[in-house]
Amino acid sequence: MKNVEKVNEFLDKAETFYFLTTDGDQPKGRPFGFHMLVNDRLYFGCGTFKNVFKQLVANPKVEVVATVGSEFIRYDGTAKVVKDDALLRKVREIMPEIMEIYDKNGWEMGLFYLENGHAEIRGMMDLKEEFDV
3 MKNVEKVNEF LDKAETFYFL TTDGDQPKGR PFGFHMLVND RLYFGCGTFK NVFKQLVANP
63 KVEVVATVGS EFIRYDGTAK VVKDDALLRK VREIMPEIME IYDKNGWEMG LFYLENGHAE
123 IRGMMDLKEE FDV
């Protein structure tokens, strides 16, 4: 299994994960659920009108944290924004209800992946696995 697949599988199991950015010098975290693995890249998305998107553009160093049982993952890297109509079509397939709301309100979905990613899978007291993504 490729490292990016390990991260994707962990996030699938977790269902909800936390996406962390900074707003100036203040850390900000919020729950996310959407992610998709396409051609060995793990993509995330959110509205370009949201503060989280503005924050990751201003400072693209971000982290994802998720828990499954007594294990957790930390996955950090540099957010790389992507404009790709084929990827947006896949998002529409995965979450048509959300995209209908975006269309109705004239909102844009911003897609991104993490470059130079690094992940750690840990128990509460030990490191289970560490790898670059």
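Those letters in the sequence shown? Residues 3 to 135, by our numbering. Each residue gets a CB set at the ideal place from its N, CA and C atoms; glycine is no exception.
A residue is called buried when at least 16 other Cβ atoms come within 10 angstroms of its Cβ; M126 does not meet this threshold and is exposed. For the pair F114 and K82, the CB atoms are nearer than the 8 Å cut-off. In the DSSP annotation of this structure, the continuous segment of the beta strand (DSSP E) that includes D78 starts and ends at 73–84. Rounded to whole angstroms, the gap between the alpha carbons of F21 and G112 is 14 Å.
Membership of V54 in the alpha helix (DSSP H) is indicated by the continuous run 53–60. Taking a cut-off of 8 Å on C-beta distances, the region 8–27 does not touch the region 84–99, as fewer than three cross pairs fall below it. For F19, the enclosing beta strand (DSSP E) begins and ends at 19–25. Two segments are said to touch when three or more pairs of C-beta atoms, one from each, lie closer than 8 Å; by this definition the region 103–111 does not touch the region 128–135.
Across the structure, N118 and R76 are spaced so that their CA atoms are roughly 14 Å apart. Spatial neighbours of V64 in its own chain (CB-CB distance under 8 Å, excluding positions within 5 residues in sequence) are listed in chain order as F21, L22, T23, L58, D78, G79, T80, A81, L116.
CA-to-CA, the gap between F51 and G35 works out to about 18 Å.
Taking a contact as a CB-CB distance under 8 Å, the pair I96 and M38 counts as one, their CB atoms being some 6 Å apart.
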